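With numbering that gives the first Met the number 0, the residue at position 79 of the sequence shown is 78, and numbering never jumps.
We put the CB at the ideal spot given by N, CA and C, even for glycine.
Quick caveat: nothing in here was measured; it's all calculated off a predicted structure.
Below is one structure; the comments refer to it alone.
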Amino acid sequence: MKLPFSKDSLHHAYIITGEHTVVTPLLRMFIENELGMTIAANPDIRFEEIETLSIDDSRRIKHLHEVKSFDATGKRVTVISMNGATVEAQNSLLKIFEEPIEGSHFFIIVPSLHVVLPTLRSRALHIDLREEHCKDDEHLFSALVSKFIDPKNTLKDRLDIAAQIAKDISDEKATRSDAKAFVAAIIRALSGTRAAQRTLSENKILKLLLETESYISDRSSSVKLLLENIAISLYN
Numbered sequence: 000m001k002l003p004f005s006k007d008s009l010h011h012a013y014i015i016t017g018e019h020t021v022v023t024p025l026l027r028m029f030i031e032n033e034l035g036m037t038i039a040a041n042p043d044i045r046f047e048e049i050e051t052l053s054i055d056d057s058r059r060i061k062h063l064h065e066v067k068s069f070d071a072t073g074k075r076v077t078v079i080s081m082n083g084a085t086v087e088a089q090n091s092l093l094k095i096f097e098e099p100i101e102g103s104h105f106f107i108i109v110p111s112l113h114v115v116l117p118t119l120r121s122r123a124l125h126i127d128l129r130e131e132h133c134k135d136d137e138h139l140f141s142a143l144v145s146k147f148i149d150p151k152n153t154l155k156d157r158l159d160i161a162a163q164i165a166k167d168i169s170d171e172k173a174t175r176s177d178a179k180a181f182v183a184a185i186i187r188a189l190s191g192t193r194a195a196q197r198t199l200s201e202n203k204i205l206k207l208l209l210e211t212e213s214y215i216s217d218r219s220s221s222v223k224l225l226l227e228n229i230a231i232s233l234y235n
């Protein structure tokens, strides 16, 4: 697998979907072989592996970004591998993505684009390095979405789905990113039906879904409770 960029055409920020154990070594080789930078003990190169990016993480990354480069060329590279991020943390990074310091480059590795807010996503180039190159709207629980929103199914059916997703995450068969993608798929499905004559912001259920989509990546939240809340609210 080869990275689809070179040192002569390097953008200031990339969002890379893929497995970090595959992508990170590729970036290490690119930094050393293409950019000619030594990684070991180099304060201008930072690798961060974070489960859920918090506001404190973002503030620390911003502070390090603003410190003067030790490299005479001014080059600095930040690689962030994360499975999720809070809304506040991503909003905090917007400024350095909008107004990057010359010579600075960011690489954010995520399992799915659903992890990243559209505002942050729009300020970076996306590269898909997933082995299957699957579509962003396809995810582990896609087959359950239609069953979850079908009014013919009972509340117990929906609660069982919520419990299954939470258990799969607990058993490490899935991630919070999959749960977030599940909620995003529900939003898309309802946008063409329930919200046909209303905007998303005017629809109580869809407002709840949008809030859940934001919170579900936070590791302090309960996936099961969040999904059960949707299940209960959906057809009340």
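- In angstroms with no decimal places, state the Cα-to-Cα distance between His104 and Asp156. 47 Å
- Message: Given a cut-off of 9 Å on the beta-carbon distance, is the pair Ile15 and Ile164 in contact?
- Response: no
- Message: If contact is defined by three or more beta carbon pairs under 8 Å, each pair taking one atom from either stretch, is the region 117-130 in contact with the region 29-46?
- Response: no
- Flag this pair as yes or no: are the beta carbons of Ile204 and Lys179 separated by less than 9 Å? no
- Item | Exposure label - His113; buried when at least 16 CB within 10 Å | buried
- Item | Sub-9 Å separation of Tyr13 and Ile95 beta-carbons | no
- Query: Buried or exposed: which applies to Asp43, given that a residue is buried once 16 or more other Cβ atoms fall within 10 Å of its Cβ?
  - Reply: buried
- Message: I'd like the list of long-range same chain contacts for Leu9, defined as Cβ closer than 7 Å, with 5 residues on each side in sequence excluded.
- Response: His104
- Message: Cutting at 6 Å between CB atoms, please list the residues of its own chain near Ile186, excluding the five before and the five after it.
- Response: Leu208
- Message: Let me make sure I understand the geometry here. Which of Leu63, Gly83 and Ala84 has the alpha-carbon closest to that of Val76?
- Response: Leu63
- Opposite Glu47 in the DSSP bridges: which residues? Ile79
- Could you give the residue range of the beta strand (DSSP E) that holds His64? Note, His64: premise wrong, no beta strand (DSSP E); alpha helix (DSSP H) at Ile54 to Glu65.
- If I'm right that Val222 touches Leu128 with Cβ under 8 Å, what's the distance once you round it to whole angstroms? The pair is not a contact, with the Cβ atoms about 26 Å apart (cut-off 8 Å).
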